[in-house]
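Worksheet: the structure to be examined is printed underneath.
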Amino acid sequence: MKKVMFLVPILLSCTLIFHFMIVILNVMPMNPISNKYKKEISEYMEPIFVQNWHLFAPDPVSHNETIQVKIGFESDSKSDWIDITNPMIEEMHKNYFSPLNRMARISSGIISELTSEDDLVIDYRKKLEESERVKEKIKKLDKERDERFQQNEAILYRFGSSYAKYLFPDKRIANIELRILRQKNTPFSKRDNRVENPWYVVKQYKEKEIIENVVPIL
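Note that UniProt numbering numbers the sequence shown so that position 42 is 42, with each residue one more than the last.
Below, the structure is given as structure tokens:
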């Protein structure tokens, strides 16, 4: 028993060191190490640990985003579009020590990965496009971007399927359809304006069969 108690702090320390090493490699500028292990780092970080730093940038986040799902049942009926992002965030705000604090980050991480691209990659692409001799490098960047989007789209459908099972536990669900919506934030100078800005669709995904091998999210 004493040996176990002695090993626990060591194991926890090693776990924390490993975790923060991966986080540092993920957020630091692109370098030979992070580039070589980009796939492994991405698989570890996304979507739970991914962090959007725009809140602390000179240009803070200018919009809100949310995921909506439309659920098709085996009876051929369909639900309306259901917001599956904001309700979880609202529940998280009621208790910051609940598991929802981490789970609510899943949808925001997915949205960030599907609707944005790293600023360093964008700058690198612009520099490459200035030269006609680097078309292969641009193709490689495009291929990596498409692979990353496909991975995150698969995560999005797993998240949507899990939420659909939570919403309708007693119904036979056949398929789901997903979309990402965006709403512009009201500038601080117009904070007294009580009119809510409209939501608009930025990405629409095809209807797919529900993923069976996931459990309800709650």
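Positions of the beta carbon are idealized from the N, C-alpha and C atoms, including for glycine.
Integer Cβ distance of residue i from residue j, believed to fall under 8 Å
{"i": "residue 165", "j": "residue 216", "result": "4 Å"}
{"i": "residue 256", "j": "residue 49", "result": "Residue coverage of the chain in this structure runs from 1 to 218, which leaves residue 256 outside it and unanswerable."}
{"i": "residue 163", "j": "residue 84", "result": "5 Å"}
{"i": "residue 45", "j": "residue 26", "result": "5 Å"}
{"i": "residue 82", "j": "residue 178", "result": "The Cβ separation is near 10 Å, so there is no contact."}
{"i": "residue 210", "j": "residue 161", "result": "5 Å"}
{"i": "residue 202", "j": "residue 181", "result": "7 Å"}
{"i": "residue 62", "j": "residue 213", "result": "Rounded, the Cβ-Cβ distance is 38 Å, inconsistent with contact."}
Span of the beta strand (DSSP E) around residue i
{"i": "residue 182", "result": "173 to 184"}
{"i": "residue 205", "result": "Unbroken run through residue 205: none, as it is neither H nor E."}
{"i": "residue 64", "result": "63 to 73"}
Residue burial classification, residue i (beta-carbon count within 10 angstroms, cutoff 16)
{"i": "residue 157", "result": "buried"}
{"i": "residue 159", "result": "buried"}
{"i": "residue 98", "result": "exposed"}
{"i": "residue 194", "result": "exposed"}
{"i": "residue 105", "result": "buried"}
{"i": "residue 189", "result": "exposed"}
{"i": "residue 100", "result": "buried"}
{"i": "residue 110", "result": "buried"}
N-terminal and C-terminal residue of the alpha helix (DSSP H) that residue i is part of
{"i": "residue 114", "result": "100 to 115"}
{"i": "residue 38", "result": "38 to 45"}
{"i": "residue 187", "result": "Careful: residue 187 lies outside any alpha helix (DSSP H) and carries neither H nor E."}
{"i": "residue 89", "result": "86 to 94"}
Pairs of beta-carbons, one from the region 70 to 77 and one from the region 172 to 185, closer than 8 Å: are there three or more? Touching, per the Cβ criterion.
With a cut-off of 8 Å, do at least 3 Cβ pairs link the region 103 to 114 to the region 140 to 159? Cβ pair count under 8 Å is three or more, so yes.
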